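A.B. asks: Starting off with a structure, shown below.
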Amino acid sequence: MFITLLAVTFLIALGVSVLVSRFFAEPVRRILGHIVAEDITYAWSKYLSFAILVVGISSGVRVWELERYITPPFQGTETPGQPLALTSERWILEVYSTIIKSLQGIAWTLLVFFIFALLAYVVVRVGESRAASRPGQKGAAPHDEAGA
Numbered sequence: 004m005f006i007t008l009l010a011v012t013f014l015i016a017l018g019v020s021v022l023v024s025r026f027f028a029e030p031v032r033r034i035l036g037h038i039v040a041e042d043i044t045y046a047w048s049k050y051l052s053f054a055i056l057v058v059g060i061s062s063g064v065r066v067w068e069l070e071r072y073i074t075p076p077f078q079g080t081e082t083p084g085q086p087l088a089l090t091s092e093r094w095i096l097e098v099y100s101t102i103i104k105s106l107q108g109i110a111w112t113l114l115v116f117f118i119f120a121l122l123a124y125v126v127v128r129v130g131e132s133r134a135a136s137r138p139g140q141k142g143a144a145p146h147d148e149a150g151a
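This is the structure:
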């Protein structure tokens with residue numbers, strides 16, 4: 004029964020992660036397109052999709068919490084108790100917890116990404132405005148008047 008629970012939580016976390024990754028794929032590509040060069044936008048968006056999958060699965064499948072179904076808790080100095088039974092109510096709680104924890108981990112990952120993307124966007128815009136405020140320097144080659 005434990006192996007089934009582990010497999011089910013893994014599949015649920017994987018499904019949630021894939022759905023969220025696909026949902027945010029286009030916004031991430033657009034944001035990265037404004038910040039980094041076009042030729043590496045694809046690679047960075049793929050990396051962020053991979054990070055969403057890894058974080059979603061690792062947050063959703065909480066192996067250390069699932070161990071309580073196979074490892075008996077200690078109730079005294081040396082008296083082990085019984086492991087928790089996997090009832091239908093516990094299954095529902097584990098499935099719900101898997102969904103919530105996956106989404107929570109992904110939300111933190113995306114929050115960090117969007118904060119850094121916002122900072123990078125501001126830096127890029129400031130750089131562009133400074134370059135635009137200097138007339139004659141954008142795209143112009145320097146002239147050597149002594150040798151001309």
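My numbering applies: residue 4 is where the sequence shown begins, and numbers increase by one. Built from N, CA and C at the ideal position, the CB exists for glycine as well. None of the values given here were measured: they were computed from a predicted structure.
So what does DSSP say about A135, is it helix, strand or coil?
C.D. replies: Position 132 of the sequence shown, counted from the first residue, corresponds to residue 135. Note: A135 maps to helix in three-state DSSP.
A.B. asks: Taking the alpha-carbon of K104 as reference, which of E68, R33 and Y124 has the nearest alpha-carbon?
C.D. replies: Within the sequence shown, numbered from 1, the residue matching residue 104 stands at position 101. With distances taken between Cα atoms, K104 lies closest to E68.
A.B. asks: Give me the Cα-Cα distance between I6 and L89, rounded to the nearest whole angstrom.
C.D. replies: Counting from 1 along the sequence shown, the entry for residue 6 is found at position 3. Counting from 1 along the sequence shown, the entry for residue 89 is found at position 86. Spanning the two alpha carbons is a distance of roughly 11 Å.
A.B. asks: What residue from T12, T44, S62 and R128 has the CA that sits closest to E29's CA?
C.D. replies: Reading the sequence shown from its first residue, position 26 is the one you call residue 29. Here the closest residue by C-alpha is T44.
A.B. asks: Are the CB atoms of A120 and I15 within a distance shorter than 8 Å?
C.D. replies: Here residue 15 refers to the residue found at position 12 when the sequence shown is read from its first residue. Here residue 120 refers to the residue found at position 117 when the sequence shown is read from its first residue. It is not a contact, given that the beta carbons lie outside the stated cut-off.
A.B. asks: So V58 packs on W47, CB below 8 Å; how close in whole Å?
C.D. replies: The sequence position of residue 58 within the sequence shown is 55, counting from 1. The sequence position of residue 47 within the sequence shown is 44, counting from 1. With 8 Å as the limit, V58 and W47 do not qualify as a contact, their Cβ atoms being about 16 Å apart.
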